[in-house]
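To start, the structure under review is shown below, and the notes come after it.
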Amino acid sequence: MQKLVIQGGKRLRGELDLQGAKNSALPILSASLLCDGESVFHNCPCLTDIYSALRILNSLGFKCSFSDNTATVKYNGICRSEIDGELMQEMRSSIIFLGAMLGRIKECTVSYPGGCELGSRPIDMHLDGFRKMGVDIREEYGKIICKVRDKIHGAKISLSFPSVGATENIILCAVLADGETVINNSAREPEICDLAGYLRKCGAKIKGDGESRIVINGVKKLNGCEYSIMPDRIAGATYLSATASTGGEIILKNACINAMESFTSMLESAGCSINTSGNTIYLRSGSCLKAIKNIKTMPYPGFPTDAQAILMASLLKAKGTSVFEENIFDCRYRHTDALIKMGADIQVIGKTAVVHGVKRLYGATVEATDLRGGAGVTIAGLSAEGTSIITGLNHIDRGYENFEKSLALLGADIKRTE
Ligand code: EPZ
Numbered sequence: 007m008q009k010l011v012i013q014g015g016k017r018l019r020g021e022l023d024l025q026g027a028k029n030s031a032l033p034i035l036s037a038s039l040l041c042d043g044e045s046v047f048h049n050c051p052c053l054t055d056i057y058s059a060l061r062i063l064n065s066l067g068f069k070c071s072f073s074d075n076t077a078t079v080k081y082n083g084i085c086r087s088e089i090d091g092e093l094m095q096e097m098r099s100s101i102i103f104l105g106a107m108l109g110r111i112k113e114c115t116v117s118y119p120g121g122c123e124l125g126s127r128p129i130d131m132h133l134d135g136f137r138k139m140g141v142d143i144r145e146e147y148g149k150i151i152c153k154v155r156d157k158i159h160g161a162k163i164s165l166s167f168p169s170v171g172a173t174e175n176i177i178l179c180a181v182l183a184d185g186e187t188v189i190n191n192s193a194r195e196p197e198i199c200d201l202a203g204y205l206r207k208c209g210a211k212i213k214g215d216g217e218s219r220i221v222i223n224g225v226k227k228l229n230g231c232e233y234s235i236m237p238d239r240i241a242g243a244t245y246l247s248a249t250a251s252t253g254g255e256i257i258l259k260n261a262c263i264n265a266m267e268s269f270t271s272m273l274e275s276a277g278c279s280i281n282t283s284g285n286t287i288y289l290r291s292g293s294c295l296k297a298i299k300n301i302k303t304m305p306y307p308g309f310p311t312d313a314q315a316i317l318m319a320s321l322l323k324a325k326g327t328s329v330f331e332e333n334i335f336d337c338r339y340r341h342t343d344a345l346i347k348m349g350a351d352i353q354v355i356g357k358t359a360v361v362h363g364v365k366r367l368y369g370a371t372v373e374a375t376d377l378r379g380g381a382g383v384t385i386a387g388l389s390a391e392g393t394s395i396i397t398g399l400n401h402i403d404r405g406y407e408n409f410e411k412s413l414a415l416l417g418a419d420i421k422r423t424e
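When the count follows the numbering used here, it moves up by one through the sequence shown with no breaks and lands on 424 for the last residue.
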């Protein structure tokens with residue numbers, strides 16, 4: 007079993023190039039399934055979830071390769087309509103392949119997806135959207151069997167919540183459909199704009215991405231292209247938080263500044279000084295951060311749920327009391343047990359977490375229970391006294407490329423051991 011061993015207390019300082027966005031790359035790899043010819047993706051992060059997505063494409067008949075942050079996906083005919091249960095279990099984003107498969111071959115059988123356990127993660131909105139577009143769906147022995155009787159047709163779909171995955175899946179199903187699809191109350195996350203940007207470059211007709219109403223006009227055919235994946239705003243938030251919590255300074259290059267604003271403004275409230283120029287963020291932090299009273303996770307452009315554990319970890323020693331409200335997932339405070347073990351003072355009541363700043367954190371052996379929670383406990387380890395050992399690295403490796411190497415580059419004393 008691999009672990010991270012951290013000697014806390016080092017002030018982080020240096021420059022870092024930000025990785026490509028996992029949550030953009032995954033739906034975009036799925037979208038490549040809709041295209042003839044070849045797609046070449048630059049700035050694709052090297053992550054276990056990306057390998058899972060490429061394995062799914064390979065299993066369906068595509069020819070894929072990956073090296074030096076460039077992924078290539080080549081259409082070679084689709085040889086099957088079922089995605090293996092084991093591949094579906096590897097990550098939550100496996101469900102995004104359903105919309106693309108329906109769009110391309112009008113049938114697909116999948117099982118329920120795996121992924122981080124953040125509470126119940128239903129896919130009812132995805133399936134309701136497909137039904138409206140003419141897909142018959144039945145469930146048998148845990149398998150979801152989807153078939154299109156006649157053809158996939160455009161539809162007006164109103165989401166009861168701006169779900170990122172449902173918005174992406176419906177776009178993927180709609181780009182080759184007959185006629186116009188309108189998604190009302192669509193998610194507005196930057197990664198959805200990145201997906202739409204790639205699909206448009208392949209020939210798709212999509213308008214309104216980044217807004218609450220997306221309109222897709224089906225086309226007959228899409229052709230693969232060369233595309234560069236946007237930077238990862240949550241990985242960016244992680245390195246900024248890690249630096250802030252150690253009183254350090256960082257130049258973060260290749261960042262998506264606008265997409266990170268709801269996060270960087272929080273760090274400013276905590277007392278960090280932040281300057282931006284082009285696609286570079288410069289952060290300098292004092293020795294003690296200030297608590298933040300009111301951090302509510304919301305769909306974009308609100309404060310991202312994916313950054314909740316990360317910001318919390320950097321505020322554990324802040325002066326005063328910080329209050330978090332988690333509004334997206336019903337079980338996204340699992341990291342707090344590990345943080346408390348390290349000396350943090352946190353009370354969780356329902357969707358609220360109250361964090362009273364403490365003077366010191368102490369190194370401990372703790373487990374990463376999900377991806378961002380794992381990043382959070384690592385940040386706590388960096389500002390704790392003594393040695394921390396983090397297990398459960400399979401979660402962290404799903405979303406962070408060269409995690410410990412990047413932190414070590416900034417001056418952290420952190421090593422991966424067997
Ligand atoms: C995406 O997950 C991200 N994953 C998550 O990032 C992120 O936390 C989440 O969006 C919210 O921003 C990827 O992009 C690969 P949702 P997704 O559908 O699409 C409920 C990370 O750490 N819901 O927007 O699964 C759902 O239960 C990850 O990188 C339904 O009720 O999120 C949740 O409460 C983890 N029915 C809320 O909506 C549905 O059919 C938001 O989920 C779909 C969702």
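The beta carbon of each residue, even a glycine, is placed where N, CA and C say it ideally should be.
Cβ-Cβ distance between residue i and residue j below 8 Å
i: T342; j: A297; result: no
i: G230; j: C208; result: yes
i: V221; j: V181; result: no
i: T358; j: E391; result: no
i: L273; j: I263; result: no
i: C152; j: L201; result: no
i: I111; j: M139; result: no
i: F269; j: A243; result: yes
i: A414; j: G398; result: no
Residue nearest to residue i in terms of C-alpha spacing, selected from the options
i: R338; options: I256, M318 and K213; result: M318
i: K16; options: K411, S389 and N408; result: S389
i: V11; options: V383, L295, S166 and E407; result: V383
i: S443; options: G120, E195 and S218; result: With the chain represented from 7 up to 424, any question about residue 443 goes unanswered, as that position is not in the structure.
i: Y204; options: A31, N408 and T244; result: A31
i: I396; options: E407, S412 and T423; result: T423
i: S275; options: I240, S320 and C262; result: S320
i: I89; options: N82, I102, A77 and Y81; result: I102
i: K227; options: P310, G26 and G43; result: G43
i: V116; options: R144, R137, R127 and D134; result: R144
i: M266; options: F309, G120 and C278; result: F309
Beta strand (DSSP E) segment containing residue i, residue limits
i: K138; result: Premise fails: K138 lies in the alpha helix (DSSP H), D130 to K138, not in any beta strand (DSSP E).
i: N260; result: Taken as a continuous stretch (DSSP letters only), N260 belongs to no beta strand (DSSP E), as it is neither H nor E.
i: G20; result: R19 to D23
i: I352; result: D351 to I355
i: S38; result: Run containing S38: none; DSSP gives neither H nor E here.
i: N190; result: E186 to N190
Range of the contiguous alpha helix (DSSP H) that encloses residue i
i: L413; result: F409 to L415
i: D419; result: Per DSSP, D419 belongs to no alpha helix (DSSP H); it is in the beta strand (DSSP E), D419 to T423.
i: L273; result: E267 to S275
i: L63; result: T54 to L66
beta-carbon residue i near the ligand GTP non-hydrogen atom, thresh 7 Å
i: K153; result: No copy of the ligand GTP appears in this structure; the ligands present are the ligand EPZ.
Residue i in three-state terms, based on DSSP
i: P196; result: helix
i: I222; result: strand
i: I89; result: coil
i: R290; result: strand
i: T173; result: helix
i: E332; result: coil
i: R338; result: coil
i: P305; result: coil
i: I298; result: coil
i: C114; result: strand
i: K69; result: strand
i: I158; result: coil
i: P310; result: coil
i: Q95; result: helix
i: A359; result: strand
i: Y233; result: strand
i: R378; result: helix
i: L10; result: strand
Sequence-distant residues of the same chain with beta carbon closer than 6 Å to residue i, five excluded per side
i: S38; result: S45 and V79
i: M131; result: L165, S169 and A172
i: G214; result: I220 and V221
Same chain, Cβ closer than 7 Å to residue i, neighbours up to 5 away in sequence not counted
i: G224; result: G160, A180, V181, L182, A183, D184 and G185
Cut-off 8 Å between Cβ atoms - residues of its own chain near residue i, not counting five sequence neighbours on either side
i: D23; result: K259 and N260
Minimum Cβ-Cβ distance from residue i to chain C less than 8 Å
i: Y233; result: The displayed structure is made up of one protein chain only, and chain C is not part of it.
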